[in-house]
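Number of protein chains: 2
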Amino acid sequence: MSQISQLAVTSPGKIVLIVMDGLGGLPHPETGKTELETAQTPHLDKLAKEGICGMSEPLGPGLTPGSGPGHLGLFGYDPFAFVIGRGILEALGIDFPLEKGDIAARGNFCTVDNKGVITDRRAGRISTEVCTKLCEELGGINFPGVKALVAPVEGHRFLLVLRGASLNPDLADSDPQQVGVAPKEVAALSREAEATAAVVNSWIGKARGVLADHHPANMVVLRGFARLPHLPSMGESYKLNPVAIATYPMYRGLARLVGMKVVDCGRSVEDQFAALAKHYAGHDFLFLHIKKTDTAGEDGDFQRKVKAIEEVDAALPRVVDLKPDVIVVTGDHSTPAVMKAHSWHPVPFLLHSPLCRPDDVAEFSERACSKGALGRFPALDIMPLALAHAQKLAKFGA
Amino acid sequence: MSQISQLAVTSPGKIVLIVMDGLGGLPHPETGKTELETAQTPHLDKLAKEGICGMSEPLGPGLTPGSGPGHLGLFGYDPFAFVIGRGILEALGIDFPLEKGDIAARGNFCTVDNKGVITDRRAGRISTEVCTKLCEELGGINFPGVKALVAPVEGHRFLLVLRGASLNPDLADSDPQQVGVAPKEVAALSREAEATAAVVNSWIGKARGVLADHHPANMVVLRGFARLPHLPSMGESYKLNPVAIATYPMYRGLARLVGMKVVDCGRSVEDQFAALAKHYAGHDFLFLHIKKTDTAGEDGDFQRKVKAIEEVDAALPRVVDLKPDVIVVTGDHSTPAVMKAHSWHPVPFLLHSPLCRPDDVAEFSERACSKGALGRFPALDIMPLALAHAQKLAKFGA
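These protein sequence lines are chains F and E, in that order.
Residues 2 to 399 (the working numbering) are what the first sequence spells out, left to right.
Residues 2 to 399 (the working numbering) are what the second sequence spells out, left to right.
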C-alpha cells in the first residue's frame with residue numbers, strides 16, 4: 002500500500018466500487034449453475050463484455066475471510082496486517098463514540114434454561130426496542146475505575162464497551178456459538194489481560210442478575226473483544242475523496258475506519274443507487290455495499306440470492322449513465338447458498354473503463370470470469386487497478 | 002504455513018492425495034501429444050470434468066525440482082526454507098536410526114578403470130545382496146572419534162552416515178555424475194567443514210582399498226551430504242492424521258520426516274490402491290505415491306510412462322468409491338520422456354470435491370489443465386486448497 006500511496010495523484014477520474022457481499026457461489030445441484038450464472042444480468046454482462054474480468058482471491062487459496070478482512074482487502078489494506086476485532090466493527094457501525102484505549106465486544110442477548118444452558122442464541126430474536134430497553138438496564142452496572150457502556154445494535158445484538166486505565170483486549174469469547182451448553186467464563190489469553198477478564202466476568206454475573214426476569218432475553222454472550230486499531234485513511238493514502246453507501250452497521254463502521262464519509266440512505270437497493278447518484282458530484286471514489294446477497298447465501302436461500310443479484314443488475318444503469326471512469330463490480334468473498342456460509346472460493350470481478358483492455362469474457366459469472374484476462378488475482382490488486390484506470394497513479398521511475 | 006496452522010481445525014473430511022511422480026510431460030515428436038494426452042484415462046477425465054483443474058508450479062517458473070523439494074511443496078512446506086539433503090532422504094527411506102548431529106550421504110558403488118576413471122556409475126547394477134555384503138566390509142573402516150556407518154539401500158545404492166562431535170555437512174559431492182572422469186575429492190564448502198572433508202576423503206581412500214578386488218563394484222561415489230533438519234509435523238500443523246502409501250525408500254523417508262505414518266504395501270499400483278482402501282478408515286489424509294511414471298520418464302520410455310498413467314487410471318475407481326471429500330491428483334514435477342530428466346514444466350493438477358467450483362476442463366492433460374480455473378499456481382497452495390475443501394480451515398477474522 003505504501004508504494005501505491007507514493008504514486009497516488011489527484012485526477013478528475015471517478016471510481017465506483019460496487020460490492021455484492023458474498024457474491025461468489027457454487028452450482029445448484031439440480032441445474033449445475035451458480036447463483037450468478039442463474040441470475041438474468043444483462044447489464045452486468047454488458048459491463049463484463051466491455052470490461053476486463055477475473056477472479057479475486059480475498060485472502061489467498063483456501064482461506065475464508067470474515068467480513069472485516071474481506072473488505073479491508075478490497076480497499077487495499079492487507080487483511081493480515083490490519084486485524085480488526087468484531088467488537089470494534091460493531092461499535093463503528095452504530096457510530097459509537099469510541100475513545101482511545103476502549104475495549105469493545107459484540108454481545109448477543111440469549112435464552113438460558115434454569116441450569117444456565119443456552120437454549121436460544123438470539124433470545125427469540127427480540128426487537129430492537131426491547132434490546133434498547135435492556136441495554137439501558139445493563140448500563141446501570143458499575144465498577145470502580147472502569148466504565149461499562151452498553152449500546153443496542155439491532156435485534157438481539159448489542160455492544161459492550163469498557164473504558165478505563167490499563168484494560169487489555171486479549172480475551173477469549175464467552176459465546177460458545179452453539180446451544181446446549183452454558184456461556185463460557187471469559188478467559189484471559191495473556192497475563193496482561195487477567196484483570197480485564199475478571200472485570201468482564203464480574204459484569205456478566207451482574208448482567209445475569211439484571212436480566213433474570215426478562216425471559217427470553219435472560220442472559221448475554223460476548224465475543225470479539227478488541228481495541229481500535231490505527232488504519233491510514235483512504236483519502237490520504239490514495240488522494241481520494243471517498244464516500245460509502247452502505248446500510249448494514251458493520252460495513253458503515255468499516256468504511257468510517259478507513260476514512261470514508263458514510264452517508265445516510267434508504268435500505269433498498271434502489272435507495273442505495275439513488276444515494277450514489279446524489280453524492281456522485283462531490284466524490285471521486287464511491288463504495289456501494291449490497292448486503293442482501295450475503296444474507297441470502299447465509300440463509301441457504303439460492304433463489305433469494307439470485308433475485309438480489311438481479312435487483313442490483315436492474316439498478317445498474319443508474320451508475321452506467323453517470324459515466325464514471327471506472328466501475329468495479331465484485332464481492333468481498335463467496336457465500337454459496339449450498340454452504341450457508343462464507344467460503345474460500347474466489348470471487349467474480351469486473352472492471353469497466355474506457356482505458357481497460359477488454360478480454361473475451363462476455364458474461365458476468367464465475368465460469369466466465371475464470372477465463373478473464375486478469376486470471377485469479379489477489380484482492381489487494383483491486384485498488385491499484387481501479388486507481389490506474391482512473392489515471393490516479395503516477396509513473397514509477399524515470 | 003504458520004497461517005494455515007492457526008486456522009486448521011479437525012473435521013470428519015477426508016483427503017486423498019495421489020501423486021504420480023514426474024507426471025508432466027512434453028509432446029511426442031510424432032504425435033504432438035504428451036504422455037498424459039496419449040494415455041487413455043477415462044476415470045481421470047471424469048474427475049477433471051467434475052472437479053477444478055490447473056497447473057501446479059513446484060518451485061516457480063523455470064525451476065526444476067529434485068524429488069525432495071517437489072514433495073515438500075506438495076505437503077505445504079516451502080522447499081526453499083526446508084532444504085533436505087539427499088543423504089538424509091536415503092537414510093529415512095531405509096529407516097536408518099539417525100541420531101542428532103549425524104551427517105548422511107548417498108553413495109553409489111561404481112566401476113573405475115585402472116587409471117581411476119569411472120566407466121560405470123552403477124557398477125553394472127549389482128544386486129542388493131552384493132551391495133549388502135560390500136557395505137558390511139566398508140563398515141569395518143574406523144576413525145578415532147568418528148563412526149562411519151554404512152548401510153545398503155537398493156542395487157548399487159548405499160548410505161554413509163558419519164557420527165561424531167563437530168561434524169559439518171557443508172561438503173561438495175565426490176560423484177561427478179558422469180563417466181569418463183575420476184571421482185572428485187570431497188571439497189569443504191566452508192571453513193567449518195574442512196575437518197569433515199578430510200575425514201570423508203580419508204574414508205573414500207580406505208574404501209577404494211577395501212573394494213579393490215570387488216570389480217565391477219571397485220569404487221564409490223558420494224553425494225548429497227546433509228544433516229537432519231527439523232520439520233513441523235503435518236499432523237500438528239494441519240490437525241491431520243496422515244498416512245503414506247509409497248514403495249520407494251526416499252518417498253517413505255520423506256513422508257516419515259513430515260510426520261506421516263508410513264505403512265507397508267505390495268509394490269504394484271494395484272497393491273498400493275488396496276493399501277489405501279485398507280487404511281482409509283483410520284486416517285483423514287492419505288498420500289499415495291506412484292513412482293513408475295517418473296522412472297519411465299527418466300528412462301526416456303514414452304510408452305511405458307503412458308502405460309503407467311493408464312494403470313493408475315484403471316485403479317482409480319477404488320478411491321472414488323470410498324467417496325473421499327477431496328481427491329487431488331497431480332505430480333511432484335514433470336519428467337518428460339523426451340528429456341529423460343526432471344524438468345521445470347508445471348504439472349497437471351485436479352481437485353475433486355463436492356464443494357469445488359467446477360470449471361470447463363473435461364480432460365486431465367497438460368493442455369486442458371492450463372485452461373482450468375486454478376490457472377498456473379504455486380504447489381504450496383495445494384494443501385490450503387485441499388484442507389479448505391475438506392472443511393478443515395476456519396474463517397479468518399470476523
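A virtual CB, placed ideally from N, CA and C, is assigned to each residue, including glycine.
| Check | Outcome |
| --- | --- |
| Residue from E:169, E:317, E:326 whose Cα sits closest to the Cα of residue 86 of chain E | E:169 |
| Cβ pair residue 338 of chain E, residue 100 of chain E closer than 8 Å | no |
| Selected residue, minimal CA-CA separation from residue 292 of chain F, among F:274, F:320, F:319, F:252 | F:252 |
| Element boundaries [beta strand (DSSP E), containing residue 58 of chain E] | 53-58 |
| Any C-beta of chain E under 8 Å from that of residue 375 of chain F | no |
| Within-8 Å CB hit, residue 68 of chain F to chain E | yes |
| Chain E residues whose Cβ lies nearer than 9 Å to that of residue 90 of chain F | 399 |
| Member of E:358, E:387, E:366 whose CA lies at the smallest distance from the CA of residue 56 of chain F | E:358 |
| Any chain F beta carbon closer than 8 Å to residue 360 of chain E | yes |
| Sub-8 Å separation of residue 261 of chain E and residue 288 of chain E beta-carbons | yes |
| Best match in E:45, E:34, E:67, E:127 for proximity to residue 312 of chain E [C-alpha to C-alpha] | E:45 |
| Below-8 Å beta-carbon distance, residue 87 of chain F vs any chain E residue | yes |
| The stretch 327-335 of chain E in contact with the stretch 343-363 of chain E per 3-pair CB rule at 8 Å | yes |
| Beta carbon of residue 110 of chain E nearer than 8 Å to that of residue 150 of chain E | no |
| Buried versus exposed call for residue 7 of chain F [16 or more other C-beta atoms within 10 Å across all chains shown] | exposed |
| Residue 191 of chain F vs residue 222 of chain F beta-carbon contact at 8 Å | no |
| Neighbour-count burial assignment, residue 406 of chain F, 16 or more Cβ in a 10 Å radius | The requested residue 406 of chain F does not occur in the structure, where chain F is confined to residues 2 to 399. |
| Interface residues of chain E facing residue 32 of chain F [CB-CB closer than 7 Å] | What residue 32 of chain F touches in chain E: nothing, since even the nearest Cβ is about 13 Å away. |
| Residue 202 of chain E, enclosing alpha helix (DSSP H) - first and last residue | 195-212 |
| Contacts of residue 80 of chain F in chain E (Cβ-Cβ under 8 Å) | 397, 398 |
| C-beta atoms of residue 226 of chain F and residue 69 of chain F nearer than 8 Å | no |
| Chain F contact for residue 356 of chain E (CB, 8 Å cutoff) | yes |
| Candidates F:122, F:171, F:120, of which the one nearest residue 103 of chain F by Cα | F:171 |
| Element boundaries [alpha helix (DSSP H), containing residue 390 of chain F] | 383-390 |
| Under the three-state DSSP convention, the category residue 359 of chain F falls into | coil |
| Within-8 Å CB hit, residue 153 of chain F to chain E | no |
| Beta-carbon proximity of residue 257 of chain E to residue 107 of chain E, cut-off 8 Å | no |
| Contact under 8 Å by Cβ, residue 285 of chain F with residue 34 of chain F | no |
| Runs of alpha helix (DSSP H) wholly within the stretch 236-306 of chain F (minimum 4 residues, chain order) | 250-258, 270-280, 293-299 |
| Backbone CA spacing between residue 209 of chain F and residue 148 of chain F [nearest angstrom] | 18 Å |
| Local conformation of residue 150 of chain E per DSSP, three classes | strand |
| Exposure of residue 380 of chain F, with buried meaning 16 or more beta-carbon neighbours within 10 Å | buried |
| Strand pairing of residue 111 of chain E, partner residues [DSSP] | E:220 |
| 7 Å Cβ cut-off: residues of chain E touching residue 84 of chain F | 398 |
| Exposure label - residue 1 of chain F; buried when at least 16 CB within 10 Å | The structure shown does not extend to residue 1 of chain F, since chain F is modelled only from 2 to 399, so the question has no answer here. |
| is_contact[residue 368 of chain F, chain E] using C-beta, thresh 8 Å | yes |
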